Amino acid sequence: KMFEQDQCERQEAANNPRPGQWEEISSHDREHRARVIELMNQNRLRSADDFYRAAMIMQHGDTPADFTLAHVFAMAAVQKGNKEAVWLSAASFDRLMQSANQPQVFATQYYKNANDPYVLKQPMKADMITDYIRQAFNVPTLEESKKRLLELNNKSD
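Numbering (this note's numbering), first residue to last: 1125 to 1281.
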């Protein structure tokens, strides 16, 4: 239920933004992260899907600790056979690095200020890994990321 709410709220915010919406989502996110940590401490995260859902919830955190858990849970999900979690392991790594003021390397993190265009969050060290490695993590190549930015910016005009 937490995972579904997490995803539905974000979809709703993307399609029908309204004032105060992100404050509400952030409040739910905090509750969800606290519950995920309880489940972890009770050893109740068991399946690949449990770990994937927990990773996605922690990915929507605020702190390096949240993103560390997101990354660990994503890797556990991959280890247990969840293929979707391969991308999430890269995205959580980028978010963890950025939370520690280090450059992202997979180019998964985008950012947008109110009336500005979407950009890849900086710092970024795009040449640290190759597009071949990005593809191994189901992450777009740098060229595909540039095209995605154009699409996002054309959609938001």
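Every residue gets a Cβ at the ideal spot worked out from N, C-alpha and C, and that includes glycine. None of the values given here were measured: they were computed from a predicted structure.
Query: C-beta contact flag for V1263 and A1209 at 8 Å; Result: no
Query: Identity of the residue in G1205, K1207, L1212 and T1187 nearest V1196 by Cα; Result: L1212
Query: Contact belief for L1244 with A1231 at Cβ below 8 Å, rounded distance in angstroms; Result: 6 Å
Query: Contact belief for Q1129 with H1152 at Cβ below 8 Å, rounded distance in angstroms; Result: 6 Å
Query: Option nearest Q1246 by Cα separation, candidates Y1256, M1252, D1255 and Q1233; Result: Q1233
Query: Three CB pairs or more closer than 8 Å across the region 1161-1173 and the region 1133-1152; Result: no
Query: Close Cβ partners of F1261 (< 6 Å) along its chain, the five nearest in sequence each way excluded; Result: V1210 and A1214
Query: Cα-Cα separation, D1173 to Q1145; Result: 28 Å
Query: Between the CA atoms of A1189 and E1267 - distance to the nearest angstrom; Result: 31 Å
Query: Beta-carbon proximity check, Y1242 vs L1276, cutoff 8 Å; Result: yes
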